[in-house]
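This report refers to the structure that appears directly beneath it.
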Amino acid sequence: MPITNHVQPYFYKNILILLHFNINNIYFNKAIKVYIFVFMYLYNISIISEESVHQEIVSWIKENLLTNTSFNPHFLEMLHSPHEGITYCLQIQVPSEEDIARFQQDHLIHLQNVILSKYKDKAFIFDSTMKYL
Numbered sequence: 018m019p020i021t022n023h024v025q026p027y028f029y030k031n032i033l034i035l036l037h038f039n040i041n042n043i044y045f046n047k048a049i050k051v052y053i054f055v056f057m058y059l060y061n062i063s064i065i066s067e068e069s070v071h072q073e074i075v076s077w078i079k080e081n082l083l084t085n086t087s088f089n090p091h092f093l094e095m096l097h098s099p100h101e102g103i104t105y106c107l108q109i110q111v112p113s114e115e116d117i118a119r120f121q122q123d124h125l126i127h128l129q130n131v132i133l134s135k136y137k138d139k140a141f142i143f144d145s146t147m148k149y150l
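This note's numbering puts the first residue of the sequence shown at 18, with every later residue one more than the last.
See the structure below:
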């Protein structure tokens, strides 16, 4: 049975091209639909927290990052983490690195400020950018 909710690591841009041509003084118009393959980037933010504060951090992320953005982030808990504490990942898929920079400016800075001000020695974050091949 095929998986229907599979998220593809790319998307297609749909472009409509209008062609105009003349054959024996008879003008024709033809519309052609073209799909352009666009690579996507995966931007990952990992949050490693002590067990004593992880639930507060999860609540803040759910209230402030998952609902107030157009980037459609995915929020995951890492299983069998090699790190002490609990590791979460916040991921977005975007078509360009400029979109990643916009997410960092609009949203990541707030998460960094919360981690530094409220959970300085109990949690930390790091990020990585990956390109689908």
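In this text, a Cβ means the ideal position worked out from N, Cα and C, and glycines have one as well. Bear in mind the structure is a predicted one, so any value in this text is a computation, not a measurement.
Measuring straight from C-alpha to C-alpha, what distance separates residue i and residue j?
i, j, result
"F45", "Q122", "49 Å"
"P112", "N41", "44 Å"
"H97", "H124", "28 Å"
"I103", "I74", "11 Å"
"F92", "L36", "45 Å"
"F143", "I49", "45 Å"
"S87", "F120", "10 Å"
"T84", "W77", "11 Å"
"E80", "L133", "18 Å"
"A118", "I126", "11 Å"
"D116", "K47", "35 Å"
"E114", "I43", "47 Å"
For residue i, which residues of its own chain have a beta-carbon under 7 Å away from its beta-carbon, when the five flanking residues on both sides are left out?
i, result
"F38", "F45"
"L82", "P90, L107, H124, L128"
"S145", "N61"
"V70", "Y136, K139, A140"
"N130", "none"
"H185", "This structure cannot speak to residue 185, because the chain is shown only from 18 to 150."
Can you tell me which residues form a DSSP beta bridge with residue i?
i, result
"Q110", "L59"
"L93", "C106"
"T146", "Y60"
"F45", "F38"
"S87", "Partner(s): none; S87 has no beta bridge."
"I65", "T104, F141"
Do we get a CB-CB distance below 7 Å when we pair residue i with the residues of chain C?
i, result
"N39", "Although the question refers to chain C, the structure presented lacks it and comprises just one protein chain."
Could you pull out every residue in the same chain whose Cβ sits closer than 6 Å to the Cβ of residue i, ignoring the five residues on either side in sequence?
i, result
"Q110", "M57, L59"
"Y105", "I64, E94"
"T21", "Unreliable placement is indicated for T21, whose pLDDT of 41 sits below 50; the coordinate value is still reported in the next sentence. Result list for T21: empty, nothing under 6 Å."
"E67", "G102, K139"
- What are the complete alpha helix (DSSP H) segments, minimum 4 residues, inside the segment 113-145? 114-120, 126-135
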